[in-house]
Each structure stands twice: as structure tokens, then as C-alpha cells.
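First the structure, in the form of C-alpha cells, and then the observations on it.
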Amino acid sequence: MSSPHPNSLKRTLTATMLWGLGVGYVISGMYFGWNLGLEQGGTLGLAIATFFIIIMYVTFTFSYTELACAIPKAGGAFDYATRALGKDIGFITGMAQNIEFIFAPPAIAFAIGAYFNLFFPQIPILAIAIFGYIIFTALNIYGVKAAALFELVITILAVAELLLFAGITLPYIEIKNLQKNALPHGWWGVFASIPFAIWFFLAIEGVANVAEEAINPKRTILIGFGSAILTLVVLCVLTFAGSIGVAGWEAIVYKADGTTSDSPLPLALGHIVGSNNLLYHLLITVGLFGLVASFHGIILAAGRASFEFGRVQFAPAFLGKIHSKFQTPANALLVNMAIGIIALLTGKTSEIITISVFGALTLYILSMVALLQLRKKEPLLERPFKVPLYPAFPIVALLIAVISFVSITIFNLKLAGIYFLIIALGYTGFKIFKHSARKIPLHSFINKDQV
Numbered sequence: 005m006s007s008p009h010p011n012s013l014k015r016t017l018t019a020t021m022l023w024g025l026g027v028g029y030v031i032s033g034m035y036f037g038w039n040l041g042l043e044q045g046g047t048l049g050l051a052i053a054t055f056f057i058i059i060m061y062v063t064f065t066f067s068y069t070e071l072a073c074a075i076p077k078a079g080g081a082f083d084y085a086t087r088a089l090g091k092d093i094g095f096i097t098g099m100a101q102n103i104e105f106i107f108a109p110p111a112i113a114f115a116i117g118a119y120f121n122l123f124f125p126q127i128p129i130l131a132i133a134i135f136g137y138i139i140f141t142a143l144n145i146y147g148v149k150a151a152a153l154f155e156l157v158i159t160i161l162a163v164a165e166l167l168l169f170a171g172i173t174l175p176y177i178e179i180k181n182l183q184k185n186a187l188p189h190g191w192w193g194v195f196a197s198i199p200f201a202i203w204f205f206l207a208i209e210g211v212a213n214v215a216e217e218a219i220n221p222k223r224t225i226l227i228g229f230g231s232a233i234l235t236l237v238v239l240c241v242l243t244f245a246g247s248i249g250v251a252g253w254e255a256i257v258y259k260a261d262g263t264t265s266d267s268p269l270p271l272a273l274g275h276i277v278g279s280n281n282l283l284y285h286l287l288i289t290v291g292l293f294g295l296v297a298s299f300h301g302i303i304l305a306a307g308r309a310s311f312e313f314g315r316v317q318f319a320p321a322f323l324g325k326i327h328s329k330f331q332t333p334a335n336a337l338l339v340n341m342a343i344g345i346i347a348l349l350t351g352k353t354s355e356i357i358t359i360s361v362f363g364a365l366t367l368y369i370l371s372m373v374a375l376l377q378l379r380k381k382e383p384l385l386e387r388p389f390k391v392p393l394y395p396a397f398p399i400v401a402l403l404i405a406v407i408s409f410v411s412i413t414i415f416n417l418k419l420a421g422i423y424f425l426i427i428a429l430g431y432t433g434f435k436i437f438k439h440s441a442r443k444i445p446l447h448s449f450i451n452k453d454q455v
């Protein structure tokens with residue numbers, strides 16, 4: 005193996021840490037936000053949407069694992085698409101990935117702020133959210149191993165709490181509650197609830213962005229990625245059934261005063277044990293770990309995605325520099341924090357989530373196209389793991405992602421316009437200024453000795 009490049013990241017992550025990161029990136033989606041899809045689709049509509057989204061994520065995860073094992077680089081989908089489809093499509097894929105990872109944390113930060121505000125009402129929600137950004141960005145700058153260990157601990161706590169919630173609620177599930185007003189807006193509700201079904205699993209692909217820092221990536225990525233998606237599917241089914249089955253979907257969407265709530269688990273538990281019960285307060289307290297796990301984990305993945313963009317000079321080169329002492333992408337982390345805080349100040353959390361979902365779906369679509377193209381273009385590329393049932397898995401993931409993208413666009417035309425404008429402005433800047441950057445051969449940033 006060649007000697008490490010001065011801008012290479014350090015390999016310190018085990019398969020267990022990758023599981024913690026994969027589950028941690030996503031697990032906040034179990035605790036908040038998904039229940040708002042019930043208002044659109046009801047129990048049946050969101051269940052159908054979630055069923056197909058689970059199929060998409062399972063087929064996508066196995067397909068993406070092939071790419072991550074063959075090309076274990078910090079850029080993730082950006083690196084795969086650039087190698088398979090050229091620099092232009094690679095840039096668009098990288099932009100989509102950055103949009104997903106940079107715009108998801110502000111929404112979670114606001115939820116963390118609101119959570120803390122319940123206990124400390126004298127501290128403004130925004131102040132808590134900004135403080136959280138600073139703390140977790142600093143932890144990521146300090147070192148990926150420390151960040152991953154922290155992520156693993158709080159993820160285990162968040163998973164344990166979801167299992168406890170399932171254990172309490174499942175004995176109280178009644179079929180009539182699942183059938184009550186199951187499709188309030190007809191079959192269109194299935195399509196309208198897709199973004200909330202995706203929120204259950206959004207950002208699982210962030211595991212690939214730390215592949216360059218994994219010990220023996222050929223083995224650890226497969227184990228970490230595969231076990232993470234299996235864990236998340238089980239938690240999704242348990243949380244969905246346990247939350248709705250105790251009193252119907254309206255009970256976990258609307259609060260007593262008729263306003264909507266994005267905290268379904270406490271509302272469901274309140275129908276069983278009451279709001280003064282110890283278990284109720286335990287759920288609220290430990291539930292915070294689920295939010296922190298996703299917030300911290302996506303910040304970690306976003307830093308790697310932006311770092312790779314800068315390292316190959318598709319963005320300002322200073323983003324691609326690592327900290328001389330900590331060997332982490334400090335510049336990229338700090339810039340992402342600044343953008344996240346600006347987004348946080350808009351107060352448009354639901355809109356920010358939807359834009360993040362647009363980025364995720366673009367990433368899924370283009371990375372599946374890249375996989376299919378790489379199989380034809382580079383048949384001799386070493387692939388330590390190959391997706392089962394090829395080409396069925398990547399094609400299924402691709403088709404569901406395309407349908408989801410079209411559906412979300414139809415129901416969110418204004419936000420789709422904003423998303424496409426961001427992509428267009430970024431691409432225009434890339435085309436105008438790329439000639440002033442140092443010329444880099446297409447494969448120069450794919451270190452084949454690491455593949």
C-alpha cells in the first residue's frame with residue numbers, strides 16, 4: 005500500500021462503530037417528524053409508502069455497499085458518480101449529497117432546542133440549537149474515533165429506549181385503532197406521505213462517507229452497513245405499530261389543544277401510563293439521545309462529503325484540508341456549521357427537511373445509475389462485496405427513488421424550484437470557475453491502492 009497522502013484521513017473505525025454511526029444518523033426519524041405523514045396518508049397511506057421506502061432502502065443499501073467497498077472514499081456518492089459518469093454528473097451528485105447532509109441537521113437542532121426548552125424554559129430554543137452546533141462540531145474536529153465512540157454510546161441508549169417503548173405499547177395494540185380513518189385523503193395520500201416515510205431512514209448512506217476511515221473497509225462496511233439497515237427496519241415497524249395501535253393515528257398527530265405535534269411517542273405512551281408516570285418521563289429524557297445521535301452523526305458525514313468536494317477542488321480548496329493535529333476535516337465542519345446556523349435562523353424546519361429529502365433522492369438515483377454504469381465500464385474493478393440479485397436490486401432502488409422524487413416534486417413545487425435553483429447556481433459556478441482550478445486527472449483522487 006502506498007504511503008498516506010497528507011490529506012488522507014486516519015483509519016480508526018470498527019464495524020461496531022459503523023453500526024453505531026449508521027443507526028445513529030437515522031434514529032431521530034423514529035422519535036419525531038414521521039407521524040406528520042399520518043395527517044397526509046393516514047395509517048394505511050403512510051404504511052404503504054413506508055413499505056415501498058423500506059424496499060428502496062434495503063435494495064439501495066446493499067447496492068451502495070458494493071460501491072462503498074470498491075471505492076472507500078470520503079466523498080461517497082460523489083466519488084462513485086464522478087468515476088462512473090464523469091465530472092459534471094459527479095458534481096451534481098456531490099451537490100445533492102451536501103444539500104442532504106447540510107440541511108438535515110438544522111431541523112434536528114431545532115428539535116433538540118425545543119426538547120431542552122421543556123426542561124429549561126428560560127433558555128431560548130434557538131440559543132440551545134446554536135450551542136449544540138458548536139459543541140458537536142468541536143467534538144468532530146477533535147477526532148473521528150472520539151466522535152464515533154460518543155455516537156455509539158448514545159445510539160445504544162436511543163435503541164434501548166425504542167425497544168422499551170415497543171415492549172410497553174405492543175400489548176395494548178388493537179386492530180380497530182390501526183383501521184380507524186386509515187386512508188383520510190384517498191390513494192393520493194400515499195404519495196403525499198412519502199417524505200415522512202423517507203424521514204424514517206434518511207441519511208443511512210452516510211456510513212459510506214467514513215469508509216476511508218474504516219479499519220479493513222472491505223469487511224467492516226458490509227457488516228456495519230448491513231446490520232444498521234436491519235436494526236432500523238425492525239425499529240421502524242415496532243415504532244409505527246406501537247405508536248398508532250394504542251389509540252389511532254389522530255392521537256399521535258394532534259395534541260389536546262388540536263395543534264399538531266411532531267413527538268408521537270410521548271403522546272402514545274400518555275394513553276397507557278399517563279404523563280406523570282416514571283416511564284413517560286424516562287422516554288422524554290432518553291428520547292433526546294435519539295435526536296443528538298442523528299444530529300451529531302449527520303454533522304460527521306457532512307464534514308466528510310464537503311471535505312472531499314474541496315480535496316478534488318470542486319469547491320474551494322481550503323475545504324479539502326485536514327487539521328494538522330487532529331487529522332479531521334476541520335474547515336469543512338466549520339463551514340457546514342455556519343451554513344446550518346443560517347438555515348436554522350430561517351425557522352423553516354419542515355421546508356428544510358423537504359429540501360434535504362430532495363438531495364437524498366437525487367443521490368440515490370445517481371448512485372444507482374453509477375453502479376450500473378461501473379459494472380459495464382469497469383468490469384475488472386475489484387469488488388470485495390457484490391450486490392445480490394444484480395441488476396434487480398439497484399434497478400428496484402432506482403425506480404422507487406424516481407417515483408418518490410416525482411411525487412415529492414408534485415406536492416412541493418415551490419420547494420422543488422428552490423432545490424433546483426441551488427443545484428443550478430452551484431453547477432453554473434462550477435462550470436465558470438473550474439478552469440481556474442488546478443487540473444486534476446479524473447482518477448487522481450481515487451487511490452486504487454486503498455480499493
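Numbering-wise (the working numbering), the sequence shown opens with residue 5 and increments by one.
Yeah, the Cβ is synthetic: ideal placement off N, Cα and C, and Gly gets one too.
Predicted model, so just to flag it, every value in this text is computed and none were measured.
Under DSSP, the alpha helix (DSSP H) around residue i begins and ends at which residues?
i: Thr-289; result: 282-315
i: Ile-31; result: From DSSP, Ile-31 is part of no alpha helix (DSSP H); its letter is neither H nor E.
i: Val-250; result: Note, Val-250: premise wrong, no alpha helix (DSSP H); not H, not E.
i: Asn-542; result: The structure shown does not extend to residue 542, since the chain spans only 5 to 455, so no value can be given for it.
i: Gly-274; result: 268-277
Going straight from the alpha carbon of residue i to that of residue j, what length do you get?
i: Ile-399; j: Tyr-368; result: 11 Å
i: Arg-387; j: Ala-72; result: 9 Å
i: Ile-52; j: Val-194; result: 7 Å
i: Ala-131; j: Phe-36; result: 21 Å
i: Ile-436; j: Val-406; result: 30 Å
i: Ile-138; j: Leu-338; result: 9 Å
i: Pro-188; j: Val-238; result: 26 Å
i: Gln-153; j: Asn-144; result: It is worth fixing the name first, because residue 153 is Leu in this sequence and not Gln. Roughly 11 Å between the two C-alpha positions.
i: Ile-31; j: Ala-186; result: 25 Å
i: Ile-219; j: Ile-225; result: 9 Å
i: Leu-161; j: Leu-167; result: 10 Å
i: Ser-182; j: Lys-352; result: Sequence inspection shows Leu at residue 182; the Ser mentioned does not correspond to that position. Their backbone Cα atoms lie some 31 Å apart in a straight line.
i: Ser-197; j: Ile-303; result: 26 Å
i: Ile-207; j: Ala-133; result: Reading off the sequence shown, one finds Ala at residue 207, where the question assumed Ile. The straight-line gap from Cα to Cα measures roughly 20 Å.
i: Val-27; j: Leu-236; result: 7 Å
i: Ala-118; j: Val-290; result: 15 Å
i: Leu-42; j: Lys-390; result: 37 Å
i: Leu-174; j: Asn-281; result: 18 Å
i: Pro-199; j: Thr-358; result: 7 Å
i: Ser-448; j: Arg-315; result: With a pLDDT of only 44 at Ser-448, under 50, the local geometry of the prediction cannot be trusted, and no value is derived from it.
i: Lys-259; j: Leu-378; result: 50 Å
i: Leu-393; j: Phe-318; result: 35 Å
i: Thr-63; j: Glu-209; result: 12 Å
Secondary structure at residue i, three-state DSSP: helix, strand or coil?
i: Thr-358; result: helix
i: Leu-17; result: strand
i: Tyr-394; result: coil
i: Thr-263; result: coil
i: His-447; result: Legend: pLDDT at His-447 = 47, less than 50; position of this residue unreliable, value from coordinates given subsequently. In the structure shown, His-447 sits in coil (DSSP, three-state: anything other than H, G, I, E or B).
Is it the case that the Cβ atoms of residue i and residue j are separated by a distance below 7 Å?
i: Gly-294; j: Ala-170; result: no
i: Gly-324; j: Phe-311; result: yes
i: Ala-115; j: Ser-360; result: no
i: Ala-251; j: His-275; result: yes
i: Phe-56; j: Ile-404; result: yes
i: Gly-94; j: Phe-105; result: no
i: Thr-20; j: Phe-229; result: no
i: Pro-110; j: Ala-347; result: yes
i: Gly-421; j: Met-99; result: no
i: Trp-253; j: Thr-47; result: yes
i: Glu-155; j: Leu-234; result: no
i: Leu-22; j: Val-211; result: yes
i: Ile-248; j: Leu-271; result: no
i: Trp-38; j: Phe-140; result: no
i: Ala-364; j: Ser-67; result: no
i: Glu-216; j: Pro-76; result: yes
Please tell me whether residue i has its Cβ less than 7 Å away from any Cβ of chain C.
i: Arg-387; result: The structure shown has no chain C; it contains just one protein chain.
Segments assigned beta strand (DSSP E), at least 3 residues, entirely inside the stretch 57-131: List check, beta strand (DSSP E) in window: nothing returned.
Completely contained beta strand (DSSP E) runs for the stretch 192-229, where each covers 3 or more residues: Whole beta strand (DSSP E) segments, 3+ residues: zero.
Secondary structure, alpha helix (DSSP H): runs of 4+ residues fully inside the stretch 122-181: Counting whole runs of 4 or more residues, the stretch 122-181 contains the alpha helix (DSSP H) stretches 129-146 and 148-173.
Complete runs of the alpha helix (DSSP H) confined to the stretch 399-444 [at least 4 residues]: Restricted to the stretch 399-444, the alpha helix (DSSP H) segments that are unbroken, complete and at least 4 residues in length are 417-437, listed in chain order.
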